[in-house]
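A quick write-up on the structure given underneath.
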Amino acid sequence: MKTPSVIIIGAGIGGLAAALRLSHAGYEVTVLEAHSGPGGKMRTVPSAAGPIDAGPTVLTMKHVFEDLFADVGETLGDHITLQPLDTLARHYWDDGQTLDLMADIDASAEEIKQAFGIRARAEFLTFSDRAKRLFSAFDAPMMQHPSPQSITLAKCVLRQPKLVADMAPHQSLHTLLRNSFSDPKLVQLFGRYATYVGGSPFQSPAILSLIWHAEAAGVWSVKGGMHQIPQTIAALAETKGATFHYDTPALRISQQGGRVAGVETPTGRICADAVIFNGDPHALQTGLLGDAITSAVPEVSVAPRSLSAHVHTFAATPKGIPLEHHTVFFAQKERAEFEALSAGRTPDDATLYLCSQDHPETGPGRFEIIRNAPPDLSQSPKEIAECHAQTFQRLKAFGLTFDHAPPVNALTTPQDFATLFPGSLGSLYGRSPHGMMAAFKRPTARTRIKGLYLCGGGAHPGAGVPMATLSGRHVADAIMTDLTLTLRFRQTAMHGGMSTA
Numbered sequence: 000m001k002t003p004s005v006i007i008i009g010a011g012i013g014g015l016a017a018a019l020r021l022s023h024a025g026y027e028v029t030v031l032e033a034h035s036g037p038g039g040k041m042r043t044v045p046s047a048a049g050p051i052d053a054g055p056t057v058l059t060m061k062h063v064f065e066d067l068f069a070d071v072g073e074t075l076g077d078h079i080t081l082q083p084l085d086t087l088a089r090h091y092w093d094d095g096q097t098l099d100l101m102a103d104i105d106a107s108a109e110e111i112k113q114a115f116g117i118r119a120r121a122e123f124l125t126f127s128d129r130a131k132r133l134f135s136a137f138d139a140p141m142m143q144h145p146s147p148q149s150i151t152l153a154k155c156v157l158r159q160p161k162l163v164a165d166m167a168p169h170q171s172l173h174t175l176l177r178n179s180f181s182d183p184k185l186v187q188l189f190g191r192y193a194t195y196v197g198g199s200p201f202q203s204p205a206i207l208s209l210i211w212h213a214e215a216a217g218v219w220s221v222k223g224g225m226h227q228i229p230q231t232i233a234a235l236a237e238t239k240g241a242t243f244h245y246d247t248p249a250l251r252i253s254q255q256g257g258r259v260a261g262v263e264t265p266t267g268r269i270c271a272d273a274v275i276f277n278g279d280p281h282a283l284q285t286g287l288l289g290d291a292i293t294s295a296v297p298e299v300s301v302a303p304r305s306l307s308a309h310v311h312t313f314a315a316t317p318k319g320i321p322l323e324h325h326t327v328f329f330a331q332k333e334r335a336e337f338e339a340l341s342a343g344r345t346p347d348d349a350t351l352y353l354c355s356q357d358h359p360e361t362g363p364g365r366f367e368i369i370r371n372a373p374p375d376l377s378q379s380p381k382e383i384a385e386c387h388a389q390t391f392q393r394l395k396a397f398g399l400t401f402d403h404a405p406p407v408n409a410l411t412t413p414q415d416f417a418t419l420f421p422g423s424l425g426s427l428y429g430r431s432p433h434g435m436m437a438a439f440k441r442p443t444a445r446t447r448i449k450g451l452y453l454c455g456g457g458a459h460p461g462a463g464v465p466m467a468t469l470s471g472r473h474v475a476d477a478i479m480t481d482l483t484l485t486l487r488f489r490q491t492a493m494h495g496g497m498s499t500a
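Be aware that the sequence shown starts at 0, since it is given in numbering that gives the first Met the number 0, and climbs by one per residue.
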């Protein structure tokens, strides 16, 4: 039996995790990446201070990465240095209120007590317990499961009837939070977790409150920047035999005999027994990789679309208020912000998230600022310039300035994301998380076309670095199961286009 061959389209974190697992298992792995290096949305932009992370910056669920490295005979700490953050995030409101959430839950409770009173402390601890129960209950049957079924989760809930109240199945996240906290600032703070998966707290299901437990369990910074993760995984996969072709876009996925047979590139066709698409599944559904595979995923799996963002990346020296590694500046009116986003408009006043990659006490540092935006591809240069100016005017109102303002081209817009990630329409998180059943509508690793598989933030279990990494495990397991059976009992296609028994 010949060595099974797999082509992975896209070197995002999901595709890299799959490449590492499959190459370790002895598969012939070829990774095609249209950009000049690995990472996908975990990308960087150059600056005088060094490469700046321009994608995800919050790393949680460290065990996912420990498991990935352990499964290929390696130790995470031998390759990547993760540093736990004592302060998960600092939060500012424009009335002068501040709040730090800490790695220690009791310390967070004390911070909340000092800021909002003893009642708020009790409410926070009750909410945290609820989030922990939900995370513990749904981690295995939902996130860790390669193909979750609603009936399986229903059985899980029946075994633990109290979960029904915890899930608040007919409530939005905002409604749950409004019923959980008496202070609207805490409602706004914990509602922000819906944006982690590209949604609005007013339309996302209450069960997304479990995201808080993932963060409360620990947040890490990566020595050298988040981009060290994809670079390290890619290098390790190469040592195990994977081949990477950068600046090589996939043009079309070809089929033969009713199943995927390979991928066409600008330099020719590469044959394979299986193809993993590590991109936005919407690209397949709309025919960007061939009309013959538009049936691979149904439209319900890719629409409606999630939020996008305006992302600033720059190096400068900060002045004014103290920053943590993660700092949030809240909008004045939460509902108005998300009403604008839901209507497809860029809000005039939006919550700003700032990552201080270096957290310098003096001198220049590297910064990323993320502002939620609709996946709107029609913004004019004038509107983009206004958005750019609004961001720094808003920070100045909080007391934060920089020694020099970055130029407009330091801003990545939804239009830019649409170009960087074809088929995404500018959306950064794939399908929208809105609606109680949204999680079951995301496509899983196996598609409707034999030999074609999915991974990445647009596939199950969803957006976020840990989730996309888990998708790499799911797709690798699916391929190792399917190809073991397929190659044992079918004719083997040769690269010359012929076949032999």
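Note that CB positions come from ideal geometry on N, CA and C, so glycine has one too. All figures in this text were calculated on a predicted structure; none of them were measured in a lab.
Between the CA atoms of Gln159 and Ala153 - distance to the nearest angstrom: 10 Å
Do Ala249 and Val259 have their beta-carbon atoms positioned less than 7 Å apart in this structure? no
Decide if the segment 47–60 is in contact with the segment 20–28; the criterion is three or more beta carbon pairs, one per stretch, under 8 Å apart. no
Over the uninterrupted alpha helix (DSSP H) stretch that includes Trp92, give me the two end residues. Counting along the chain, Trp92 falls outside any alpha helix (DSSP H), and DSSP gives it neither H nor E.
Which of helix, strand or coil DSSP assigns to Val63: helix
For a quick check, are the C-beta atoms of Gln187 and Glu333 less than 7 Å apart? yes
Beta-bridge partners of Ser4, as assigned by DSSP: Glu27
Mind listing, in chain order, the continuous alpha helix (DSSP H) runs of no fewer than 4 residues lying wholly within the segment 407–470? 413–419 and 437–440
Please return the same chain residues whose Cβ sits closer than 7 Å to the Cβ of Gly49, not counting the five positions on each side in sequence. Arg365
Please report how far the alpha carbon of Thr468 lies from the alpha carbon of Pro460, in whole angstroms. 9 Å
Three-state class that DSSP yields for Gly496 in the structure shown: Unreliable positioning characterises Gly496 in this predicted model, as indicated by a pLDDT of 33, which lies under 50. The coordinate reading is nonetheless provided below. Reduced to three states, the DSSP call for Gly496 is coil.
Across which residues does DSSP place Arg258 in a beta bridge pair? Gln255
So is Pro45 buried or exposed if we call it buried at 16+ other beta carbons inside 10 Å? exposed
Under the three-state DSSP convention, the category Thr491 falls into: Its pLDDT being 40, under 50, Thr491 is placed unreliably by the model, and nothing is read from it.
Own chain residues within Cβ distance below 6 Å of Ala16, not counting five before or after: Leu67, Thr468 and Gly471
Can you look up Met166 in the DSSP assignment and give me helix, strand or coil? helix
Pairs of beta-carbons, one from the segment 135–155 and one from the segment 227–235, closer than 8 Å: are there three or more? no
Extent of the continuous alpha helix (DSSP H) to which Glu73 belongs: Neither: Glu73 is in no alpha helix (DSSP H) and is coded neither H nor E.
Distance between Leu75 and Ala69 (C-alpha atoms, nearest Å): 7 Å
Measuring straight from C-alpha to C-alpha, what distance separates His311 and Leu410? 4 Å
Option nearest Tyr195 by Cα separation, candidates Gly240, Leu427 and Arg447: Leu427
Can you tell me whether Arg393 is helix, strand or coil according to DSSP? helix
Is the segment 109–118 close to the segment 162–170, with three or more CB pairs under 8 Å? no
N- and C-terminal bounds of the beta strand (DSSP E) containing Leu98: Thr97 to Met101
If you count every other CB in all the chains shown that lies within 10 Å of the CB of Gly197, and 16 or more means buried, which is it? buried
Which partner residues of Gln284 appear in the DSSP bridge assignment? Looking at the DSSP assignment, Gln284 forms no beta bridge with any residue, so it has no partner.
Rounded C-alpha distance that separates Ala302 from Asp402: 42 Å
What residues in its chain sit with their C-beta under 7 Å from that of Lys131, if we drop five residues either side in the sequence? His212
Looking at the unbroken alpha helix (DSSP H) that takes in Thr231, where does it start and where does it end? Gln227 to Thr238
Would you tell me roughly how many angstroms separate the C-alpha atoms of Ser208 and Arg191, rounded to the nearest one? 10 Å
Between which two residues does the beta strand (DSSP E) holding Ala273 run? Ala273 to Phe276
Closest residue to Phe123 among Phe180, Asp99 and Ala88 (Cα-Cα distance): Phe180
Please work out which residues of its chain come closer than 6 Å, Cβ to Cβ, to Leu246, disregarding the five sequence neighbours upstream and downstream, and give them in chain order. For the sequence presented, residue 246 should be read as Asp rather than Leu. Same-chain partners within the cutoff: Ser35.
Within a Cβ cutoff of 8 Å, which residues of the same chain sit near Glu367, ignoring the five residues on either side of it in sequence? Ile51, Asp52, Ala53, Thr56, Val310, His311, Thr312, Leu353, Cys354 and Gln356
Out of curiosity, what's the CA-to-CA distance linking Leu175 and Leu351? 23 Å
Straight-line CA distance for Leu162 to Cys386? 42 Å
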